[in-house]
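Just below is one structure, and these are the notes that go with it.
Okay, structure coming up:
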């Protein structure tokens, strides 16, 4: 974290940015994490996905990495929570906004990548559809009553899903439990072996945060270069704005929690090394 702060100070000193947006105490003291942040690389994620043996697992991974949801939020998703890419307002959009109830029953907006939606649709139209049919058969055999399920009896006696239908179902048609996700992630990690990626829903949430923060900071710096080239510099807080955006997307109560990701952006470590080297050559070798 000291290295990152040295870089942003250098960026301000050389005029690359107008303001940093936070102090050293924000980053070093309040933003320090007692536990290391573990994120997956693109190669590790692909390896993990290939080891998954169900479309439900692959869709769950896509949801975690694509939106940064907590595992509790993942488990609580309903069928109605998934935005329809065919809707008039969503046509052609790479990210589809949707509201979910997060930690502390707080409502926040998440942004679904269209590719993650496709993976979820594959699950809905395949494994999930079979699970619903299995549930109907269990009801027909009187192993379970309709009132114990998310199905309702329509006119003509047909069993249909209601508005609160859970997205994730076990093979027998029951809602997938919160604990089942942890077990399924552990199984796939075991399948990858000791040398393969070890992954949990929280690892994917970390990955989402680091990727998103890195891209947002990169976009802010590129915009600054364009603005300066066109002669229209504006006073912006270049580093704090991306952190605030990621904070909202993750549903963090405090921005200090989001600060832990600053020191884990590999893309900017190379930029940092070059900046620090130039600073030393300019100021200390004179």
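In this note's numbering, the protein residues as written are 94 to 379. Note that the Cβ used here is the ideal one computed from N, Cα and C, for glycine as well.
Practice problem: Figure out for me which residue from 287, 297, 259 has the closest Cα to the Cα of residue 275. | Solution: Along the chain shown, read from residue 1 onward, the residue named residue 275 stands at position 182. With distances taken between Cα atoms, residue 275 lies closest to 297.
Quiz item: How many Å lie between residue 264 and residue 147 at the Cα?
Solution: Along the chain shown, one-based indexing puts residue 264 at 171. Along the chain shown, one-based indexing puts residue 147 at 54. Their backbone Cα atoms lie some 11 Å apart in a straight line.
Exercise. Label residue 304 either buried or exposed according to how many other C-beta atoms from any shown protein chain fall within 10 Å of its C-beta, with 16 as the threshold for buried.
Key: Working through the chain shown from its first residue, we reach residue 304 at position 211. So residue 304 counts as buried.
Practice problem: Go ahead and pull the three-state DSSP assignment for residue 162. | Solution: Counted from its first residue, the chain shown places residue 162 at position 69. Coil.
Exercise. Quick one: measure Cβ to Cβ for residue 165 and residue 187, integer angstroms, because I've assumed they're closer than 8 Å.
Key: Residue numbering aside, residue 165 sits at position 72 when the chain shown is read from its first letter. Residue numbering aside, residue 187 sits at position 94 when the chain shown is read from its first letter. The pair is not a contact, with the Cβ atoms about 27 Å apart (cut-off 8 Å).
Exercise. Just list the alpha helix (DSSP H) runs in the region 184-227, keeping only unbroken ones of 4 residues or longer that don't cross its boundaries, in chain order.
Key: Counting only runs of 4 or more, we get 207-216.
Exercise. Check whether the region 278-291 touches the region 239-250, counting contact only when three or more Cβ pairs, one atom from each stretch, lie closer than 8 Å.
Key: Counting C-beta pairs closer than 8 Å gives fewer than three between the region 278-291 and the region 239-250, which falls short of the contact rule.
Quiz item: Quick one: is residue 118 buried, meaning 16 or more other Cβ sit within 10 Å of its Cβ, or exposed?
Solution: Within the chain shown, numbered from 1, the residue matching residue 118 stands at position 25. Confidence in residue 118 is poor, its pLDDT being 46 and thus under 50, which makes the residue's placement too unreliable to answer from.
Quiz item: Does DSSP put residue 341 in a helix, a strand or coil?
Solution: Residue mapping note: residue 341 aligns to position 248 of the chain shown, counting from 1. In this structure, residue 341 counts as helix in the three-state DSSP scheme.
Quiz prompt | Member of 260, 190, 199 whose CA lies at the smallest distance from the CA of residue 219 | solution = Position 126 of the chain shown, counting from 1, holds the residue named residue 219. Considering only alpha carbons, the answer is 260.
Quiz prompt | Residues of its chain near residue 216, where Cβ-Cβ distance is below 6 Å and the 5 sequence neighbours each way are ignored | solution = By one-based count along the chain shown, residue 216 stands at place 123. Hits under 6 Å: 148, 149, 152.
Self-check item: Cβ-based neighbour list, residue 84, same chain, cut-off 6 Å, excluding 5 preceding and 5 following
Solution: In the structure as shown, the chain starts at 94 and stops at 379, and residue 84 therefore has no counterpart that could be examined.
Quiz item: Going by the CB atoms, is the gap between residue 262 and residue 229 shorter than 7 Å?
Solution: Locating residue 229 in the chain shown gives position 136, where the first residue counts as 1. Locating residue 262 in the chain shown gives position 169, where the first residue counts as 1. Result no, Cβ atoms of residue 229 and residue 262 do not sit closer than 7 Å.
Practice problem: Determine the contact status of residue 257 and residue 171, defining contact as a CB-CB distance below 7 Å. | Solution: As a first step, residue 257 must be located in the chain shown, where it is residue number 164. As a first step, residue 171 must be located in the chain shown, where it is residue number 78. Cβ atoms of residue 257 and residue 171: closer than 7 Å.
Quiz item: Can the beta-carbon of residue 212 be found closer than 7 Å to that of residue 176?
Solution: Locating residue 212 in the chain shown gives position 119, where the first residue counts as 1. Locating residue 176 in the chain shown gives position 83, where the first residue counts as 1. Cβ distance not < 7 Å, so residue 212 and residue 176 don't count as in contact.
Quiz item: In angstroms, rounded to a whole number, what distance separates the CA positions of residue 337 and residue 288?
Solution: Taking the first residue of the chain shown as position 1, residue 337 is located at position 244. Taking the first residue of the chain shown as position 1, residue 288 is located at position 195. Looking at the two C-alpha atoms, the distance is approximately 36 Å.
Practice problem: Take residue 203 as the anchor and find which of 255, 156, 233 has the nearest alpha-carbon. | Solution: For this step, residue 203 is matched to residue 110 along the chain shown. Checking every option, the nearest Cα to that of residue 203 belongs to 156.
Practice problem: Just the C-alpha distance for residue 346 and residue 141, rounded to the nearest angstrom, thanks. | Solution: In the chain shown, the residue the question calls residue 346 occupies position 253. In the chain shown, the residue the question calls residue 141 occupies position 48. Straight-line Cα distance between these residues: approximately 31 Å.
Quiz item: Can residue 159 and residue 344 be called in contact, C-beta distance under 7 Å?
Solution: On the chain shown, residue 159 is found 66 positions in, with the first residue counted as 1. On the chain shown, residue 344 is found 251 positions in, with the first residue counted as 1. The Cβ atoms of residue 159 and residue 344 do not sit closer than 7 Å to each other.
Exercise. Note down the Cα distance separating residue 169 from residue 154, rounded to an integer number of angstroms.
Key: Reading the chain shown from its first residue, position 76 is the one you call residue 169. Reading the chain shown from its first residue, position 61 is the one you call residue 154. Rounded to the nearest whole angstrom, the CA to CA distance from residue 169 to residue 154 is 15 Å.
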